[in-house]
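Take a look at the structure below.
There are 2 protein chains.
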Amino acid sequence: MAAVDLATHPGHLARRLQQAHYLLWNTMVSEEITSPQFAVLNALVAEPGLDQRTVGERVGLDRSTIAEVISRLGRRGLLDKVRDPGDGRRFLLRLTDEGLRVHRKLTVRTARMNQVFLAPLSAGEQAVFFDLIQRVADAAEGLRNPAEPVAAPR
Amino acid sequence: MAAVDLATHPGHLARRLQQAHYLLWNTMVSEEITSPQFAVLNALVAEPGLDQRTVGERVGLDRSTIAEVISRLGRRGLLDKVRDPGDGRRFLLRLTDEGLRVHRKLTVRTARMNQVFLAPLSAGEQAVFFDLIQRVADAAEGLRNPAEPVAAPR
DNA sequence: CTGAATTAGTCAGGGCACTGAGTATTTCCG
DNA sequence: CGGAAATACTCAGTGCCCTGACTAATTCAG
Chain A
1 MAAVDLATHP GHLARRLQQA HYLLWNTMVS EEITSPQFAV LNALVAEPGL DQRTVGERVG
61 LDRSTIAEVI SRLGRRGLLD KVRDPGDGRR FLLRLTDEGL RVHRKLTVRT ARMNQVFLAP
121 LSAGEQAVFF DLIQRVADAA EGLRNPAEPV AAPR
Chain B
1001 MAAVDLATHP GHLARRLQQA HYLLWNTMVS EEITSPQFAV LNALVAEPGL DQRTVGERVG
1061 LDRSTIAEVI SRLGRRGLLD KVRDPGDGRR FLLRLTDEGL RVHRKLTVRT ARMNQVFLAP
1121 LSAGEQAVFF DLIQRVADAA EGLRNPAEPV AAPR
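In the order they appear, the protein sequences are chains A and B.
Take the first sequence: its letter number 15 is residue 15 in my numbering, and every next letter is one higher.
Converting from the second sequence to my numbering requires adding 1000 to each position, the first position being numbered 1.
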């Protein structure tokens, strides 16, 4: 039987890691606001007035998914969506006061959660953890977006 | 503006890692069979005749999700579902010949994909990558499953 | 200036992932 | 034996995630 050990499959580990995070988030941060939703709030705190597509780019979500997430945040009254007067295709996004309030509250809780989540690793290991994951993710994303100004042999 | 750097958020990195893997899987392994579906096939190659719940446990999926995945694999004719004659609650699962064939084919492709995915890391870094992710995921899962009885082997 | 690309967003469709409620079957206990 | 508890599975509901096809608005080229 040619069965394989899933522990050597990075995809399987990535999925388990994300699931573990999802559960911890639910218990330690919020049952209402999800981690991707928080990422969107955070992007709009950093850069108010972004359009939908750019927010998606900042947090790593495609146009369909970002539309759903933003629609939920809008329904909850956490952000406003206004048609760009200068370009009728865009919607400009801005947090409401409630959105800012929620972002502040969750920022504190998220920091606590991250500590618990990373507690099994020493400080040095945590830095390596971030570095390795980021390098793998960046490289894989680069495979998908080949048009980058990488190799322009001039 | 109290915005946070998402690169220091393990949850965000985990999500990006999984998305990157998803895309690579789609192009290098299969557009039909997903990574979780392959994990189920693999579990049944290792242990034919498992019931649904146990398969879910092996691959890290809850009862609802594993039911959907198995239903899809059944519709594609990759596995058979038979009610356990000894316990009318269970369904026993077994791969069909086609299921075995698909598993063999994808095993080869998956190995190739993993090499590409992990190419940015040296062999030593890959080992660390596995170790760190596994420790974090295990610890977080442990938080949710309080004090499992330490496997009394009969 | 006008028709062809490009761009932002929507919508339909498929799949993963969880919770909570409900059904059927088995087991456990008094 | 018979009812309560446990177990395996199903179903409804929510949310994330992608692709591919579509609409509307803008930009660009001839």
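C-beta atoms are modelled at their ideal positions from N, C-alpha and C, and glycine is treated no differently.
The segment 63-77 of chain A in contact with the segment 1030-1049 of chain B per 3-pair CB rule at 8 Å: no
Min CB distance Thr-107/A to chain B below 8 Å: Counting from 1 along the first sequence, the entry for residue 107/A is found at position 107. True, the Cβ-Cβ gap to chain B drops below 8 Å.
Local conformation of Asp-1084/B per DSSP, three classes: In the second sequence, residue 1084/B corresponds to position 84, counting from 1. If DSSP states are grouped into helix, strand and coil, Asp-1084/B belongs with coil.
Burial state of Ser-122/A, where buried means 16 or more other Cβ atoms lie within 10 Å: The residue labelled residue 122/A in the question sits at position 122 within the first sequence. Result: exposed.
Whole-Å CB distance - Asp-51/A paired with Arg-90/A, under 8 Å assumed: Position 51 of the first sequence, counted from the start, is the residue given in the question as residue 51/A. Position 90 of the first sequence, counted from the start, is the residue given in the question as residue 90/A. Rounded, the Cβ-Cβ distance is 4 Å, consistent with contact.
Interface residues of the segment 31-46 of chain A facing chain B [CB-CB below 8 Å]: Hits within the stretch, in order: Ser-35, Pro-36, Ala-39, Asn-42, Ala-43, Val-45, Ala-46.
Bridge partners - Leu-1095/B, DSSP secondary structure assignment: Position 95 of the second sequence, counting from 1, holds the residue named residue 1095/B. Answer by DSSP bridge pairing, in chain order: Leu-1079/B.
Where Arg-1104/B meets chain A, residues with beta-carbon distance less than 8 Å: By 1-based counting over the second sequence, the position of residue 1104/B is 104. Result: Ala-2.
Proximal residues to His-1103/B (C-beta, below 6 Å), its chain only, five neighbours per side dropped: In the second sequence, counting from the first residue as 1, residue 1103/B sits at position 103. Excluding residues within five positions, the ones whose Cβ falls inside 6 Å are Leu-1041, Val-1045.
For Asp-1051/B, the three-state DSSP class (helix, strand or coil): For the purposes of this step, residue 1051/B is taken as the residue at position 51 of the second sequence. DSSP places Asp-1051/B in strand when its eight states are reduced to three.
Nearest-angstrom Cα separation, counted from Asp-1062/B out to Ala-140/A: The residue labelled residue 140/A in the question sits at position 140 within the first sequence. The residue labelled residue 1062/B in the question sits at position 62 within the second sequence. The alpha-carbon atoms of Ala-140/A and Asp-1062/B are separated by roughly 28 Å.
Option nearest Asp-1135/B by Cα separation, candidates Ala-2/A, Ala-7/A, Ala-3/A: Here residue 1135/B refers to the residue found at position 135 of the second sequence. At residue 1135/B the sequence reads Arg, which differs from the Asp that was named. The residue with the shortest Cα to Cα distance from Arg-1135/B is Ala-7/A.
Cβ-heavy atom distance, Arg-94/A to the ligand HEM, below 7 Å: Of ligands this structure carries none, so the ligand HEM is not represented either.
Contact between the segment 28-39 of chain A and the segment 106-125 of chain A (3+ Cβ pairs under 8 Å): Touching, yes.
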